[in-house]
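Please read the structure below before turning to the comments.
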Amino acid sequence: MIKLPPNYSEPLPAAFYPASAPLPFSRADFGPDFQWGASAAAYQTEGAWQHQGKGPSIWDDFTRRKGTIRRSEHARVAADFYNRYETDLDLAAAMGLTDFRFSAAWSRVLPEGSGAVNRRGLDFYDRLVDACLERDLRPMLTLYHWDLPSALQAKGGWTNRNIVGWFSDYAQLMARRLGDRVPHWAVLNEPMVFVGAGHLLGIHAPGRRHLGAFLAAAHHATLAQAEGGRALRALLPGSAEIGTTFSCSYLTPHRPGNRQDEAATRRADAVLNLFFMEPTLGLGYPTAQLPALGWLLERYQKPGDDQRMAFDFDFWGIQNYTREVVKFSPWLPLQWAALVPARQRNVPYTDMGWEVYPESVYQMLKQYSAYPKAPKLLITESGSAFPDVVTDGRVPDVARRAYLQAAIGQVLRAKREGVDVGGYFAWSLTDNFEWAEGYGPRFGLIHVDYETQERIMKDSGRWYKKFLGGAVMSAERAGKVGMNLG
Ligand code: IFM
């Protein structure tokens with residue numbers, strides 16, 4: 049159910065399609081090469097946190113600290129993907145997905161972050177890639193989705209410039225082992241989130257609240273983003289598409305026309321949407337609106353860094369969930385801007401407290417594609433968290449299905465206007481561990497019962513399957529994964 053503020057009387061966002069009429073588009077409108085996928089991440093799904101030689105990560109440590117995660121939850125088992133990946137891939141294939149995006153846990157393959165390789169960890173990703181290919185799912189491998197090896201955190205983690213070299217070595221290891229079979233690579237997942245939430249706000253691992261740590265981590269992540277791209281390209285010339293992903297939200301001023309709010313919105317845009325993207329184009333950091341941030345960052349930069357931060361990615365992964373409304377704030381130095389929570393705006397919102405606003409996907413595709421040197425865009429994450437109820441073996445998640453349809457419709461809108469957008473990956477294939485929020489918010493197209501690890505394809509997943517044409521699955525295989533094909 050979509051949560052509505054008390055006394056809410058507006059209709060749902062215009063981007064929603066009425067349930068009573070057929071959808072005004074089909075898969076064919078996107079063309080035959082469009083990538084249809086779902087995304088996942090190691091720490092959120094795998095579990096097996098100490099299995100077969102895996103080293104600890106900063107999220108293993110962070111979840112042990114009191115007061116960091118709702119209900120003190122952790123991801124030691126999570127969705128048990130480490131043991132159940134074949135079932136989950138069967139379900140992904142049954143949906144008719146063409147692509148599956150997942151991340152590798154750095155400390156599973158390099159328990160100390162660098163140096164000795166854990167063969168059994170590397171073998172797991174080898175098996176996973178083969179299992180994708182056996183099911184005609186193209187694997188997209190994200191190298192870093194926030195679970196830094198604890199051993200590297202002990203040396204300063206992202207605040208230590210040596211991380212650029214450690215990360216590049218890890219990227220090369222993965223490319224050497226899997227590069228012959230993985231056609232799509234994403235270097236980082238949402239750097240502004242792991243840098244900002246982890247080093248400035250302290251609400252994600254490693255739980256720091258320090259401006260200097262934030263600036264250092266931000267600069268080193270920018271360097272690692274490009275260096276990771278170069279490492280992959282050197283080993284996989286011509287054979288792989290190399291991208292990276294950005295979190296982003298369409299931003300609008302709280303009081304349209306108000307000069308202070310408009311300026312605050314531009315500053316927030318620079319930080320939230322452009323900070324890690326513009327350097328890849330050789331434009332440096334977007335500090336025109338925030339000169340003070342530019343001066344502060346200089347402390348961490350060395351001669352030649354502007355060139356080192358640039359890399360011609362084959363694609364940018366756009367990860368969008370909502371829009372944000374921005375107002376001028378005298379309390380937040382540097383940015384002088386605050387986000388107005390959806391709950392205070394008389395708009396519908398999700399279990400994350402995020403405004404239900406699928407048009408944001410369209411707006412971000414337009415904004416990013418306006419850069420003359422922008423590469424192809426992929427929506428590598430898009431989705432919504434709503435409470436689910438299991439009823440007679442079904443999950444009638446009407447709101448998530450409506451959101452999915454609306455977001456896909458917004459992608460088509462951008463594509464029809466000439467935006468080079470080549471794929472849509474729903475977040476997420478299965479329910480999983482939602483970081484500081486624990487297991488509360490559910491984003492999956494497939495429901496996970498964390499007691500039994502039973503999977504049920506939700507109605508949103510069933511709709512996606514119907515839209516994509518599904519795949520033929522033998523009754524035998526369907527029986528094995530407990531799917532009702534009817
Ligand atoms: O679950 C996260 C994911 O790890 C990164 N992008 C946003 C998702 C929803 O919060």
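Residues in the sequence shown are numbered consecutively from 49, following the numbering used here.
Note that the Cβ used here is the ideal one computed from N, Cα and C, for glycine as well.
Segment contact flag, the stretch 376-393 with the stretch 227-243, C-beta cutoff 8 Å, min 3 pairs: no
Span separating the alpha-carbon of V443 from that of R490: If you draw a straight line from the Cα of V443 to the Cα of R490, it is about 12 Å long.
Sequence-distant residues of the same chain with beta carbon closer than 6 Å to D16, five excluded per side: No information on residue 16 is available, as it lies outside the stretch 49 to 534 that the chain covers here.
C-alpha distance - G332 paired with L345, whole-angstrom precision: 11 Å
Three-state secondary structure (DSSP) of Y397: strand
The beta strand (DSSP E) enclosing Q367, as first and last residue numbers: 363-376
Near ligand 1: W475 beta-carbon under 7 Å from a heavy atom: yes
Enclosing beta strand (DSSP E) for Y419 [first to last residue]: Taken as a continuous stretch (DSSP letters only), Y419 belongs to no beta strand (DSSP E), as it is neither H nor E.
Range covered by the beta strand (DSSP E) that runs through G85: 83-87
For Y31, the three-state DSSP class (helix, strand or coil): Missing from the structure shown is residue 31; the chain here goes from 49 to 534 and no further.
Cβ neighbour criterion (16 or more within 10 Å) applied to A90: buried
Simplified DSSP state of G457, which is helix, strand or coil: helix
For A141, the nearest candidate out of R257, Y218, G85, W194 (CA to CA): G85
Close-in-space but distant-in-sequence residues of the same chain around Y369 (CB under 6 Å, 5 per side omitted): If we look at Y369 and ignore the five residues flanking it on each side, its Cβ neighbours are W402.
N-terminal and C-terminal residue of the beta strand (DSSP E) that M188 is part of: 186-192
Euclidean distance between Cα positions of L137 and N237: 21 Å
CB of T328 within 8 Å of CB of A234, strictly: Not a contact, by the Cβ cut-off of 8 Å.
Inside the stretch 244-295 only - alpha helix (DSSP H) runs reaching at least 4 residues: Here the runs fully enclosed are 259-283.
Residue nearest to L460 in terms of C-alpha spacing, selected from P66, A67, L71: Between L460 and the set P66, A67, L71, the nearest pair of CA atoms involves L71.
Anticipated Cβ contact below 8 Å, I106 with D195, distance rounded: 7 Å
CA-to-CA distance, A266 to M357, given in whole angstroms: 11 Å
Distance CB(Q337)-CB(R307) smaller than 8 Å: For Q337 and R307, no; Cβs fall outside 8 Å.
Cβ neighbour criterion (16 or more within 10 Å) applied to L493: buried
Under 8 Å between C-beta atoms of G277 and F150: Taking 8 Å as the cut-off, the beta carbon of G277 is found no closer than this to the beta carbon of F150.
Coil, strand or helix - S68 by DSSP: coil
Bounding residues of the alpha helix (DSSP H) (the contiguous stretch that carries M221): Note on residue identity: the sequence assigns Leu, not Met, to residue 221. Note, L221: alpha helix (DSSP H), 211-226.
For Q92, the nearest candidate out of N480, L284, H258 (CA to CA): N480
Rounded separation between S417 and I366 - CA only: 11 Å
Outcome for E499 when other beta-carbon atoms lying within 10 angstroms are tallied against a minimum of 16: exposed
Residue burial classification, G517 (beta-carbon count within 10 angstroms, cutoff 16): exposed
Endpoints, alpha helix (DSSP H) assigned at D309: 307-317
Validate contact between the stretch 177-184 and the stretch 203-218 using beta carbons, cut 8 Å, 3 pairs: Segments in contact, no.
Where G534 sits in the DSSP three-state scheme: The predicted model places G534 with a pLDDT of 45, which falls under 50 and marks its position as unreliable; any figure quoted below should be read in that light. Correct three-state label for G534: coil.
Start and end residues, alpha helix (DSSP H) containing V230: Counting along the chain, V230 sits inside no alpha helix (DSSP H), nor does DSSP assign it H or E at all.
Option nearest G470 by Cα separation, candidates F148, I427, Y133: By alpha-carbon distance to G470, the top candidate from F148, I427, Y133 is I427.
Coil, strand or helix - R391 by DSSP: Helix at R391.
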